[in-house]
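Written out below as structure tokens is the structure these notes cover.
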Amino acid sequence: MIELSELFADVAADIQQSIRDLGWQTPTPVQAAAIPKMRAGGDLIVQAMTGSGKTGAFGIPLVEAIDTSLKKTQAIVLLPTRELANQVAVELDQLGQYRGVNTLPIYGGVAYGPQLEGLEKGAHIIVGTPGRILDHLKNDRMDLGSTKVFVLDEADEMLSLGFWPDMKEIAAYLPRKRQSHLFSATMPEKVRSLSRFFLNDPEDVTIEAEGGPQQIEHFYYVCPAADKEAILARILKYEDPDSAIIFCNTKADVRFITAYLSKRGFNIDQISGDLQQSAREKAIKRIKSGKLRFLVATDVAARGIDISDLAYVINYTTSDTPEIYVHRTGRTGRAGKSGVAISLISGLDIGNFKFMQTVIGIEIQEKKPPTDRAVARRAEKRQKEEDARAAESEKEAELNSLKQKANADLAALPEEEAKARVERILPFVKTLAENTEGLEELARVAAAYLLKGPTETFEAEAPEPEDDQDLGPSVETRDEEIARLDREAGRDPADRPPRRRSRNGRGGGSGGGSRRRRG
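Using the working numbering, read the sequence shown as starting at 112 and increasing by one per residue.
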């Protein structure tokens, strides 16, 4: 059983089991800071990046506060996109599964039927986007009169997307006596102004973003607007990232870049507001599972994506504000891993980009776009490294197979015979093992010796022995052993040619270490 930290161990037993199922053991910084304060009953303004564990930060105390005997909505979480709403709903559902907490995701782009059915059954927690939730409220299909907790997640993004009027209207349906919490990756003054409308004397909690400058390398390339797509293709070939999200400012650019790179053989897909929800979810699932390498997206469409191992973020078109740049690049370098953020800058944009760099306080280094020749050289180098790794892996597998077979055959022998075989080969092993280049040959020959037994034996060239050196069994003893094994195998020992003697009295060539031939 997973041992939980003191903070997690203090929650109800059924929630502890959910935490174990999720594989959590120690709270993230935002969880450690926010959970005790939320449980104490105050309102919070929490600044933390997507992927920092903030769903658990508000989810654990939120699930704790639910009275499952009441079939009424007791908590509501607003988010800017349906992908993010679905993701948060799944996590809250997991946290509340043993308590019987019913979480219902509500967002546009899908049928009303399942949502209406969930509302009729009595959803304890509603997680959704402002537009569809307001639609249900205005048509008397949703009752928020019993709401205890109100959470605004990704508040900066909701504000930038123009959800402010809907958010205010939704708040009018809520009881005045409630807990309210605002979570945001960035905290511009507009977001603080927003908090004054929804929250009552809130306490600030600020968490350093995972994947800060120390974990993410930031680069930019200055390139002509007419050549950006070609330069992007060369960068992808040169850098060869395991995965990347490519950000564009418009849906038209998303479609163009996806088509351009797809025709050139890249494993790529897109998400934008034009796609059906099922297609968007399929693309997100593929990149999370590693089946898709490159995903092209607008900022809005990518809001629900949380990929812990995302290697690169590439800005094909520059972000309009420093906050958007932080949002985009913060998707890589998470959970202590390293990441790379690349921006393609046209000449006219360089001034704004330099200003943004000053505002966010991150050093962004300029690099020259790779040439076709540089891309080819890098690809050739990678191929050689890959071939070397494959050869090494094949060699290791071969040696392991020999070792396993030899061990199995030895285990099948009587104990005394197995011991005799091992002792017989020890001088050879010790000699060959002194040379690094001989270790591989040692493994092969030793395994072959142990497999085939002393009817086919080998010796290494060994130095003259010291007077007190144990030479192992004499030649006569070996000949007797060979004859015995020949008889057991139904062979006539007389058919075997005589063994030559070396100068040290042992079988072999004049050097005392030549390979013996089969009789």
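We put the beta carbon where it would ideally sit given N, CA and C, even for glycine.
Keep in mind the model is a prediction, meaning the values are calculated, not measured.
**Report entry** 7 angstroms CB neighbourhood of E286 in its chain, flanking five on each side removed
**Finding:** Residue 286 is actually Pro in this sequence, not Glu. Excluding residues within five positions, the ones whose Cβ falls inside 7 angstroms are G256, T258.
Report task. Identify whether A571 lies in helix, strand or coil by the three-state DSSP scheme. Result -> Here the model assigns A571 a pLDDT of 42, short of 50, so the residue's position is not dependable, and the following value carries that caveat. Coil, per DSSP.
Report task. Use the C-beta contact count for G441: other C-beta atoms within 10 angstroms, 16 or more gives buried, fewer gives exposed. Result -> buried
Query raised in the report: Which value, in whole angstroms, describes the spacing of the CA atoms of Y371 and W275?
Result: 37 angstroms
Query raised in the report: Which residues bound the beta strand (DSSP E) around S295?
Result: 290-295
Report task. Using only alpha-carbon positions, find the residue among S291, D312, T240 that is nearest to D277. Result -> T240
Query raised in the report: Shortest alpha-carbon distance to G109 belongs to which of E228, T192, V316, G211?
Result: Here the chain comprises residues numbered 112 to 630, so residue 109 is not present and cannot be evaluated.
Report task. Report yes if the C-beta distance between L181 and M149 is below 9 angstroms; otherwise report no. Result -> no
Report task. Please name the residue in S430, L310, I156, G273 whose C-alpha comes closest to that of R318. Result -> Residue identity check: residue 318 is Ile in the sequence provided, not Arg. It is I156 whose Cα lies nearest to the Cα of I318.
Report task. Grab the span of the beta strand (DSSP E) containing T214 for me, first residue to last. Result -> 214-217
Query - Beta-ladder partner(s) of Q198, from DSSP - result: Answer by DSSP bridge pairing: none, since Q198 is not bridged.
**Report entry** DSSP state of S454 mapped onto helix, strand, coil
**Finding:** strand
Query raised in the report: Among the residues of its own chain, which have a CB less than 6 angstroms from the CB of Q326, if the five just before and after it don't count?
Result: G444, S449
Requested in this report: On the DSSP bridge assignment, give the partners of Q317 in chain order.
Outcome: Inspection of the sequence shows that residue 317 is occupied by Thr rather than by Gln. T317 pairs with Q158.
Requested in this report: Using the DSSP secondary-structure output, state which residues sit across from N426 in a beta bridge.
Outcome: F358, S454
**Report entry** Euclidean distance between Cα positions of A344 and L215
**Finding:** 42 angstroms
Report task. Please state if the CB of I471 and the CB of Y436 are separated by a distance shorter than 9 angstroms. Result -> yes
**Report entry** Coil, strand or helix - G462 by DSSP
**Finding:** helix
**Report entry** Residues of its chain near E340, where Cβ-Cβ distance is below 7 angstroms and the 5 sequence neighbours each way are ignored
**Finding:** I368, Y371
Query raised in the report: What span of residues does the beta strand (DSSP E) with V188 cover, start to end?
Result: 186-189
Query raised in the report: Would the beta-carbon of Y209 fall within 9 angstroms of that of Q158?
Result: no
Query raised in the report: At least one CB of chain C closer than 9 angstroms to the CB of S354: is that the case?
Result: Note that chain C does not occur in the displayed structure, where there is just one protein chain.
Requested in this report: Give the DSSP-derived three-state secondary structure of F308 in the structure shown.
Outcome: helix
Query raised in the report: Can you round the beta-carbon distance between F330 and I475 to whole angstroms, since I take them to be within the 8 angstroms contact cut?
Result: 7 angstroms
Report task. Could you tell me which residues DSSP pairs with E328 in its beta bridges? Result -> V451
Query raised in the report: How close, in whole Å, do the beta carbons of L293 and V238 come, if the pair is a contact with beta carbons under 8 angstroms?
Result: No, L293 and V238 are not in contact; Cβ-Cβ is about 16 angstroms, not under 8 angstroms.
Query raised in the report: With C-beta atoms as the reference, is T409 less than 9 angstroms away from F464?
Result: no
Query - Candidates F309, Q198, G207, P433, of which the one nearest A123 by Cα - result: G207
Query - One or two residues paired with G239 in a DSSP bridge - result: L189, I217
**Report entry** Range covered by the alpha helix (DSSP H) that runs through A336
**Finding:** Note, A336: premise wrong, no alpha helix (DSSP H); not H, not E.
Query raised in the report: Does the Cβ of E570 have 16 or more other Cβ atoms within 10 Å, making it buried, or fewer, making it exposed?
Result: Residue confidence for E570 is low, a pLDDT of 46 falling below 50, so the modelled location carries little weight; the figure read from the coordinates is stated next. So E570 counts as buried.
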